[in-house]
Amino acid sequence: MTARFSGRLLKTGFFCAFMLLTVLLSGQVRPGELEIADFQPVRPIYRAGWPCTLSVTLRNRGGQDLEGTLELILPPEVRLVQGNVQQSFRFENGVDEINTSWTVVTSEAGRHDLAVLAKYQQAAVRRSLSVLFLPALSIPKNREIPPPQPVATDILVGAHNCPLWETDRPEIWRNLLKHPERTPALGFYGQENPEVADWETKWAVEHGISFFVYCWYRARQGGPVEMRYSSALHEAFFHSRFQDRLRFAIMWENQARGQAGVADERDFLDNLLPFWIKNYFQRPNYLVIDGKPLLFIYRPEFLVDDLGGVDKVASAFEKARQLCRQAGFAGLYLLGEYRGTDARHLQLMKDLGLDYTFAYVWPVPNNPTPRQAIEAQLSYITRTQELGIIPQVITVSQGWSGWQDEGSIWKLPPKDFEELLRRAKALAATFPREQLGSRLILLDNWNEWGEGHYIAPHREFGFEYLDAVRRVFSTESFQHIDLLPEDVGLGPYDAPVRQYFERERALIAQARRRVTLPGTDPALVAWWTFDEPPEQEVAFDYSGHRLGGVLHNVARVKGRQGWALDCHGGCVIVPMDRPLTNCSQLTVECWVRTETPNQNNRWIVNCVFGGVETTGFRVGVLEGKPCFQIPVTPWSHHLVGQSPLPVGPWVHLAATFDGSTMRLYMQGREIGELERRAPITFNSRYLVLGNYEKGHSAHFTGAIDEVRIYSRCLSPEEIAAHARPNQP
0 MTARFSGRLL KTGFFCAFML LTVLLSGQVR PGELEIADFQ PVRPIYRAGW
50 PCTLSVTLRN RGGQDLEGTL ELILPPEVRL VQGNVQQSFR FENGVDEINT
100 SWTVVTSEAG RHDLAVLAKY QQAAVRRSLS VLFLPALSIP KNREIPPPQP
150 VATDILVGAH NCPLWETDRP EIWRNLLKHP ERTPALGFYG QENPEVADWE
200 TKWAVEHGIS FFVYCWYRAR QGGPVEMRYS SALHEAFFHS RFQDRLRFAI
250 MWENQARGQA GVADERDFLD NLLPFWIKNY FQRPNYLVID GKPLLFIYRP
300 EFLVDDLGGV DKVASAFEKA RQLCRQAGFA GLYLLGEYRG TDARHLQLMK
350 DLGLDYTFAY VWPVPNNPTP RQAIEAQLSY ITRTQELGII PQVITVSQGW
400 SGWQDEGSIW KLPPKDFEEL LRRAKALAAT FPREQLGSRL ILLDNWNEWG
450 EGHYIAPHRE FGFEYLDAVR RVFSTESFQH IDLLPEDVGL GPYDAPVRQY
500 FERERALIAQ ARRRVTLPGT DPALVAWWTF DEPPEQEVAF DYSGHRLGGV
550 LHNVARVKGR QGWALDCHGG CVIVPMDRPL TNCSQLTVEC WVRTETPNQN
600 NRWIVNCVFG GVETTGFRVG VLEGKPCFQI PVTPWSHHLV GQSPLPVGPW
650 VHLAATFDGS TMRLYMQGRE IGELERRAPI TFNSRYLVLG NYEKGHSAHF
700 TGAIDEVRIY SRCLSPEEIA AHARPNQP
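Using numbering that gives the first Met the number 0, read the sequence shown as starting at 0 and increasing by one per residue.
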């Protein structure tokens, strides 16, 4: 079955597919039955004169047949070259998403405002889009990156570099589905590609950035060094053509306690430090000043526990400096991350033996305006200098939003960022000349795409952040040409990620089929039986509400009646969509079977996540006992049953909430009760069956079957009836 759009179908493009996934997985809904779920250019960045394809996704949220017209609204300087300005559409036969596209072109560089207007029945929906077109450029497409042309600066400028963007972890890009304006000029690239590193080097040095500080992650502590997220350095940068044009340093990201730190002093001095000296410090382009390599440390205070005390850390640091001297250096500069002005913490940094403090990002509360964000950062820097406890190296931040858009969210437009750079540069000029803080400055961040702080070329502002850096710090002429991969016939660099999301989109569309079994309760909002054929990669929702999910690294096994989900690390991801998010009361019930006793912090049904930990609900196992949570404050209201989860047989679990009281049942009997007088708050992520999160270690070990969610509180009698062994 298909939906019709002016008599033709569109094979959805890459970024259209990305944005459709955002809608399917986020559950964010506009009023009305019709939603313009996506209106975006297909490629990351365009130039004047290039044909620009605009993709549109419409979604019918009402479930009934629907028809209308869709109109593209263009400014005079942008003209249509493919497609009809107005097109008709019709949703029919249960299909709820359709796609179309137009191609436009403009000869005028700059930002142009476009819009689409959908009219249906007696309603209309409009969505606007601002597209940046870079100046036209015509050079030979010889499929080779031109050598970088570094510019001189009057202070050393570096940028924090977030190396999370590996091809085999495409999920890392998911938060950008909600923020297409952040789409990098390289697309959703794989950072292990040396050509990607060459483009980053070229763009950095041609705007005055002379070094990157790469986040460096240890996979496990206590033995020979094993790394995570190392491909940006070891596979890309170290094998790139232009690596000699850019210096680098590492920031030891030791936040994961028991994994990313050190087991003891011997681990630090015999494993970590020799690895760093051999693989990094001794490379000709490592950042060395005054004959000393610079080592940035993310959580230096965590080393107090790792090494057994403040004095033990200071002693280990001094031994590290001596080992660097033995390796031919003049010593070692140690810089510790801190984003505050607490004098006690700054004194701790000094007592640990650190040479300098720096910030990875500045926390600015209360969703500030650009002016407030600028003044707050300068206040942190000025106050740290006034305290005079430990010297600092200045960091300036472009913005912030948590991975799930939590906390204070803000962004400096390029002009405001340029003002901040000028004022920070002026502050650095007042620092004592013998201090590093007078000679270098750090930019936050080159590519923290998921957390909303980035200055690398991207869709919304192109090269404008980098141009601000060049204007403020370069001693050379501003005139220059910024190249894109397409200018020389290179790219794209996102094919694997594109294929991943296109495949997932197809599975999501398949999972959204309307399937209903007879005799369902009117309050049943979702029902997963897992009785599809074993090779099927989706689990249908048999309540008829299209809340089917996609299987990830999970298989089916023999269930109570038919098939069940075998949970040993995999899961099913389900969209948090209506009516699942409209529940004022709630019942979650399922059948589970395990051979593993005393499971702890293992989740069967979950939509409570870090960053949104005051929202959602979950059912799982804690200290071997069934548990149920609907938080009000972060991670609150955790009800743990009185009896352990049996090992061996199929067990019926149920959790209910009537608006004031949470109750937990096992085998039809109540095993716990907790007062909770607050409504349920839902987040915009998704529901996970069989795990806490995709690929997480907090997964249930065993099988689950017949998961049902109701929008009412089932009575004890109903639950007892459902728990009977012969209950389907």
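Even glycine gets a Cβ: it sits at the ideal position worked out from N, Cα and C.
With a beta-carbon spacing of about 35 Å, Ala114 and Leu442 fall beyond the 8 Å limit used to define contacts.
Shown here, Ile572 sits in a strand according to DSSP, grouped into three states.
For His551, DSSP records a beta bridge to Cys570. No Cβ-Cβ contact shorter than 7 Å links Val468 with Ala510. Check the Cα spacing between Ser714 and each of Arg432, Ala702, Met661 and Ile679: the tightest is with Met661. In the structure shown, Tyr297 falls within a coil segment according to DSSP collapsed to helix, strand and coil.
Along the segment 336-363, the alpha helix (DSSP H) occurs as fully enclosed runs of 4 or more residues at 342-350, listed in sequence order.
In this structure, Leu351 is the residue among His544, Leu351, Glu336 and Ala326 with its C-alpha nearest to the C-alpha of Phe316. Glu96 is a Cβ neighbour of Arg58, given a cutoff of 7 Å.
Apart from the 5 residues on each side of it in sequence, Pro678 sits with its Cβ closer than 7 Å to the Cβ of Ser583 in its chain, given in chain order. Note that the segment 672-686 does not touch the segment 549-564; fewer than 3 beta-carbon pairs, one per stretch, sit closer than 8 Å.
In this model, Leu331 and Lys410 are separated by some 35 Å (Cα to Cα). When Gln86, Thr528 and Ser396 are compared, the shortest CA-CA separation from Asp415 is found for Ser396. Runs of beta strand (DSSP E) with 3 or more residues, each lying fully within the segment 636-681, are found at 637-639, 650-656, 660-665 and 668-674, listed in chain order.
Taking C-beta atoms under 8 Å as the contact rule, His206 and Asp466 qualify, at a distance of about 7 Å. Burial is judged here by how many other beta carbons sit within 10 angstroms of a residue's own beta carbon; Phe280 has at least 16 and is buried. In the DSSP secondary-structure assignment, Ser542 is bridged to Thr515. In the assembly as shown, Trp275 is a buried residue. Its beta-carbon has 16 or more other beta-carbons within 10 Å. Taking Asp64 as the centre and dropping the five residues before and after it, the same chain places the C-beta of Phe90 and Glu91 closer than 7 Å to its C-beta, in chain order. Judged by DSSP secondary structure, His721 falls within the alpha helix (DSSP H) whose first and last residues are Pro715 to His721. Per DSSP, reduced to three states, the secondary structure at Ile454 is coil, with no helix or strand assignment. The residues His111, Asp112 and Leu113, in chain order, have a CB closer than 8 Å to that of Pro74 in the same chain once the five nearest residues on each side in sequence are set aside. In this structure, Ala358 places its C-beta atom within 7 Å of the C-beta atom of Arg338.
When C-alpha distances from Phe38 are compared across Ala47, Thr593 and Trp101, the shortest belongs to Trp101. Take the alpha-carbon of Arg504 and the one of Ala184: they are about 23 Å apart.
Only buried fits Phe627, as 16 or more other CB atoms lie within 10 angstroms of its CB. Between Arg246 and Asn284, the gap from beta carbon to beta carbon is short of 7 Å. For Thr52, the closest of Ile44, Arg142, Gly61 and Val103 by C-alpha to C-alpha distance is Val103.
Only residues of its own chain outside the window of five on either side were considered, and among them Ile373 have a CB closer than 7 Å to the CB of Glu418, listed in chain order. Of Asp404, Leu345, Lys277 and Gln321, the smallest CA-CA separation from Glu300 is found for Leu345. Beyond the five residues adjoining it in sequence on each side, Asp565 comes within less than 7 Å, by CB distance, of Val553, Ala554, Arg555, Val556 and Ala702 in the same chain, given in chain order.
The segment 519-532 and the segment 489-498 do not touch, with fewer than 3 CB-CB distances between them shorter than 8 Å. The secondary-structure analysis by DSSP pairs Lys557 across a beta bridge with Trp562. The segment 469-533 contains, as complete alpha helix (DSSP H) runs of 4+ residues, the segments 494-510 (chain order). Membership of Leu419 in the alpha helix (DSSP H) is indicated by the continuous run Pro413 to Ala427. Between the C-alpha atoms of Asp197 and Arg382 there is a straight-line separation of about 39 Å.
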